[in-house]
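**Student:** Position one of the sequence shown corresponds to residue 1 (the UniProt record's numbering), numbered consecutively onward. Glycine is no exception: its CB is placed at the ideal position from the N, C-alpha and C atoms. Could you have a look at this structure, given as structure tokens, before my questions?
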Amino acid sequence: MKSQTMGIKAPIKYLKANVRTVMETSLGKKKFRIVNALTPSPVSPPAGAVDILRAGLIPLLILKLKTELDEIQELILGTLSNCLRVEASEALATDAITILKEKLTHPSAVIRSKAAQVILEISTHPEGKSTVCEEVIPILVSLLEDTDPEVQASAAGALMFTTIKPKGRCSALRAGAIPRLLKLVAEDNSKARLSAIKTLTMLAEVAEGRRELRQHTDTFEQCLRDPREAVKRAAEIAIRVIRWKPA
Numbered sequence: 001m002k003s004q005t006m007g008i009k010a011p012i013k014y015l016k017a018n019v020r021t022v023m024e025t026s027l028g029k030k031k032f033r034i035v036n037a038l039t040p041s042p043v044s045p046p047a048g049a050v051d052i053l054r055a056g057l058i059p060l061l062i063l064k065l066k067t068e069l070d071e072i073q074e075l076i077l078g079t080l081s082n083c084l085r086v087e088a089s090e091a092l093a094t095d096a097i098t099i100l101k102e103k104l105t106h107p108s109a110v111i112r113s114k115a116a117q118v119i120l121e122i123s124t125h126p127e128g129k130s131t132v133c134e135e136v137i138p139i140l141v142s143l144l145e146d147t148d149p150e151v152q153a154s155a156a157g158a159l160m161f162t163t164i165k166p167k168g169r170c171s172a173l174r175a176g177a178i179p180r181l182l183k184l185v186a187e188d189n190s191k192a193r194l195s196a197i198k199t200l201t202m203l204a205e206v207a208e209g210r211r212e213l214r215q216h217t218d219t220f221e222q223c224l225r226d227p228r229e230a231v232k233r234a235a236e237i238a239i240r241v242i243r244w245k246p247a
């Protein structure tokens with residue numbers, strides 16, 4: 001353990017003293033140094049994520065979500081997001097989805113958003129998609145109408161991955177995802193716009209979804225004027241898929 005933690009002791013600057021104290025008490029000082037070394041990364045997980053996994057801390061961190069203060073839960077969820085980008089099997093074995101479902105309806109928008117982000121990371125793994133499809137999709141669909149843009153974006157991102165599987169598409173359609181996603185696509189400044197377009201493209205792979213979306217191609221055509229190239233490309237693909245008809 002000592003050799004694994006020697007190079008990852010840099011503190012998270014925004015962590016308040018009382019949060020540090022409780023985390024040290026909960027995890028022990030050596031384990032806390034591993035958690036504390038993790039910083040969010042939009043591209044790839046930090047090196048400390050591997051140390052967390054090797055140390056077998058995932059089950060403990062998940063359980064701590066039940067009892068810790070909100071500020072500590074935010075830190076734990078950020079840590080889990082980084083770790084589960086690498087490997088999700090241990091979290092799934094610990095029944096993380098059940099606890100994360102509760103966090104999706106937490107009064108704190110930050111916790112709701114971070115919980116949805118953790119589910120997104122779980123959904124990038126094949127075994128995670130199946131579990132999320134069965135238990136979480138209806139809640140994610142409801143979060144598309146959350147008052148916080150970050151929560152909307154995280155929920156749309158998670159749906160983007162879960163709808164890769166046919167079962168996920170059917171679950172999303174049954175939960176009424178299309179009108180909610182279309183609303184996000186129609187908002188020029190929506191943080192969820194790209195993920196919403198990609199999710200709707202997946203739903204258009206189902207005949208039922210394609211029929212419903214054919215009435216809304218103008219919404220996607222508006223996205224062709226978006227200054228972001230990724231959004232324009234996604235809209236072009238969506239329009240092609242929606243207009244496709246079997247020979």
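Please give the ranges of any alpha helix (DSSP H) in the stretch 47-122, keeping only runs that are unbroken, at least 4 residues long and fully inside the region.
**Tutor:** 48-54, 58-64, 70-84, 89-93 and 96-103
**Student:** Taking a contact to mean a Cβ-Cβ separation below 7 angstroms, would you say Val118 touches Leu100 in this structure?
**Tutor:** The answer is yes: Cβ separation under 7 angstroms.
**Student:** Thinking just about the alpha-carbon of each residue, which of Leu224, Pro59 and Cys83 is nearest to the one in Thr94?
**Tutor:** Nearest of Leu224, Pro59 and Cys83 to Thr94, Cα basis: Pro59.
**Student:** For Leu144, name the three-state secondary structure that DSSP assigns.
**Tutor:** coil
**Student:** From Glu208 to Pro166, what distance separates their C-alpha atoms?
**Tutor:** 13 angstroms
**Student:** Assign Leu80 to one of two classes, buried (16 or more other C-beta atoms within 10 Å of its C-beta) or exposed (fewer than that).
**Tutor:** buried
**Student:** Compare the C-alpha of Thr201 against each of Val132, Thr219, Val151 and Lys66 and name the closest.
**Tutor:** Thr219
**Student:** Using the rule of at least 16 other Cβ atoms within 10 Å of the residue's Cβ for burial, across every protein chain shown, is Glu134 buried or exposed?
**Tutor:** exposed
**Student:** Using the Cα positions of Leu181 and Ala238, report the straight-line distance between them to the nearest angstrom.
**Tutor:** Those two C-alpha atoms are separated by around 13 angstroms.
**Student:** DSSP three-state call for Cys242: helix, strand or coil?
**Tutor:** In the sequence on display, residue 242 carries Ile and not Cys. In the structure shown, Ile242 sits in a helix (DSSP, three-state: H, G or I).
**Student:** Can you find a CB in chain B that lies within less than 7 angstroms of the CB of Glu127?
**Tutor:** As a matter of chain content, chain B is missing from the structure shown, which is built from one protein chain.
**Student:** Quick check: what's the CA-CA separation for Phe32 versus Arg228?
**Tutor:** With a pLDDT of 47 at Phe32, under the threshold of 50, the predicted position of this residue should be treated as unreliable, though the coordinate-derived value follows. Computed Cα separation, rounded: 40 angstroms.
**Student:** Just the Cα atoms here: how many angstroms apart are Lys198 and Val151?
**Tutor:** If you draw a straight line from the Cα of Lys198 to the Cα of Val151, it is about 17 angstroms long.
**Student:** Identify the continuous alpha helix (DSSP H) that holds Ile164 and give its terminal residues.
**Tutor:** Where Ile164 is concerned, there is no enclosing alpha helix (DSSP H), given that its DSSP letter is neither H nor E.
**Student:** How should Ile8 be labelled, buried or exposed, when 16 other C-beta atoms within 10 angstroms of its C-beta is the threshold for buried?
**Tutor:** Residue confidence is low: Ile8 scores 32 on pLDDT, short of 50, so the model does not pin down where it sits. Its coordinate-derived value is still stated next. By the neighbour-count rule (16 or more Cβ atoms within 10 Å), Ile8 is buried.
**Student:** Let's see if you can read the secondary structure: which residues bound the alpha helix (DSSP H) around Asp218?
**Tutor:** Thr217 to Gln222
**Student:** What do you get for Glu121, buried or exposed, if any count of 16 or more other CB atoms within 10 angstroms of its CB means buried?
**Tutor:** buried
**Student:** In three-state terms, what does DSSP make of Ser154?
**Tutor:** Note: Ser154 maps to helix in three-state DSSP.
**Student:** According to DSSP, is Ser190 part of a helix, a strand, or is it coil?
**Tutor:** coil
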